[in-house]
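Whatever position you read off the sequence shown (first residue = 1), add 30 for our numbering.
Okay, structure first, notes after.
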Amino acid sequence: MAVVSRCSRAATAATTANATTATTFTYLIRSLSPFSSSSSTFDPQNDLNNRNKPAVLGTLKRESKGRNVQWVFLGCPGVGKGTYASRLSNLLGVPHIATGDLVRDELASSGPLSSQLKEIVTQGKLVSDEIIIDLLSKRLEAGEAKGESGFILDGFPRTVRQAEILEGVTDIDLVINLKLREEALLAKCLGRRICSECGGNYNVACINIKAENGRPGMYMAPLPPPPQCASKLITRPDDTEEVVKQRLRIYQAMTRPVEDFYRSRGKLLEFDLPGGIPESWPKLLCALNLEDREDKQSAAA
Ligand code: AMP
């Protein structure tokens, strides 16, 4: 089933009568039947009985809607959206679409937008809603042509306006709000390394927060690259201390309200990361009522 279709009428209804956005958002995700669910918080430390989860979790993968899942990852820079979105994308067989990657691809292409985007991104600011929606629409259109019918979005929406546009054109099933202790976020961004050849994401930071004043400690091991990537690692130009702090400020001002947007619609699953991947991945799967058989097998081997 197709995921996207031309539908400028839906865009017009979705925005608050913003003509520019309606025209740039040419290719839209097809609107599907409403899905009811309840608001939810999942604390993996205390809530492994799967109480308080959105009702959406009862129906996964290919839904009764006749399409694959349409999920969104929210969370501060450095929280690990890319890591977990990519793992879930492999598990569920839906594309992981990171708008930050779309922006970086556009930057690398030296197209007409690239110098404008470079300035915005290196200052840690947000690209305009129009540009980001245009990039996302083109990516969805290309996916439709290849038969994609679902997605896991990472880095979109980042403003309430983007969320309104998305909500106006499709029925997002679930929004996973990843949360990590603030002390770890900056270190995670500064430790991030990317393979310039395969795009793989690694991290050299070793986070070891001691237990203090009744708060538990937290350990996150580095995520080293495989040998073939080790000599090709690069750092993102916007992962400097000054720019990361700016990105965190912008998250608070512009993206935090997006959490409320989805919370009020009963679509938000709050997930507090308890530590690194070995600890967090199984608990996230549990929160989502999913099972990763390959992961289990490799752990048992
Ligand atoms: P990320 O890789 O998600 O950290 O994104 C890198 C940069 O791309 C951000 O700092 C923004 O400048 C831009 N960007 C990515 N997604 C969006 C979005 N949804 N809205 C506006 N700007 C975005």
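A virtual CB, placed ideally from N, CA and C, is assigned to each residue, including glycine.
Here the structure is a predicted model, which means the values were calculated and not measured.
{"Check": "Integer-rounded CB distance, given that F301 should sit under 8 angstroms from L314", "Outcome": "6 angstroms"}
{"Check": "CB of R266 within 9 angstroms of CB of I224, strictly", "Outcome": "yes"}
{"Check": "Closest residue to C29 among P246, A214, F186 and E242 (Cα-Cα distance)", "Outcome": "A query on residue 29 cannot be resolved here, the shown segment of the chain reaching from 31 to 331 and no further."}
{"Check": "Segments of 3+ residues assigned as beta strand (DSSP E) that fall wholly inside the stretch 185-224", "Outcome": "204-209"}
{"Check": "Pocket of ligand 1 (residues with CB nearer than 5 angstroms to any heavy atom), chain order", "Outcome": "T129, G130, V133, V151, L156, V157, I162, G185, F186 and R188"}
{"Check": "Cβ neighbours of G112 in the same chain (closer than 7 angstroms, five flanking residues each side left out)", "Outcome": "A128, D184 and N231"}
{"Check": "Presumed contact (8 angstroms Cβ cut-off) between V273 and Q153, rounded CB distance", "Outcome": "7 angstroms"}
{"Check": "Where the beta strand (DSSP E) containing V102 begins and where it ends", "Outcome": "Q100 to L104"}
{"Check": "Where the alpha helix (DSSP H) through L118 begins and ends", "Outcome": "K111 to L122"}
{"Check": "C-alpha gap between M248 and R323, whole angstroms", "Outcome": "27 angstroms"}
{"Check": "For A172, three-class secondary structure by DSSP", "Outcome": "helix"}
{"Check": "Expected contact under 8 angstroms - CB spacing of V234 and V102 to nearest Å", "Outcome": "Not confirmed; about 29 angstroms, so no contact."}
{"Check": "N207, buried or exposed, once every other Cβ within 10 Å from all chains shown has been counted against 16", "Outcome": "buried"}
{"Check": "Cut-off 8 angstroms between Cβ atoms - residues of its own chain near K148, not counting five sequence neighbours on either side", "Outcome": "L137"}
{"Check": "Terminal residues of the beta strand (DSSP E) in which E300 lies", "Outcome": "L298 to D302"}
{"Check": "Helix, strand or coil at L318 according to DSSP, with G and I counted as helix", "Outcome": "coil"}
{"Check": "Contact between the stretch 107-124 and the stretch 269-287 (3+ Cβ pairs under 8 angstroms)", "Outcome": "yes"}
{"Check": "Exposed unless 16 or more other CB atoms sit within 10 angstroms - verdict on N243", "Outcome": "exposed"}
{"Check": "Endpoints, the beta strand (DSSP E) within which A128 is located", "Outcome": "H126 to A128"}
{"Check": "Same chain, Cβ closer than 8 angstroms to V133, neighbours up to 5 away in sequence not counted", "Outcome": "L147, V151, V157, I162 and L165"}
{"Check": "S167 classed as buried or exposed, judged by whether at least 16 other C-beta atoms fall within 10 angstroms", "Outcome": "buried"}
{"Check": "Helix, strand or coil at N233 [DSSP, three-state]", "Outcome": "strand"}
{"Check": "Residue environment, C8, which counts as buried when at least 16 other CB atoms sit within 10 Å", "Outcome": "Since the first residue shown for the chain is 31 and the last is 331, residue 8 is missing from the structure and cannot be characterised."}
{"Check": "Strand pairing of L183, partner residues [DSSP]", "Outcome": "V102 and I127"}
{"Check": "Euclidean distance between Cα positions of I264 and R222", "Outcome": "9 angstroms"}
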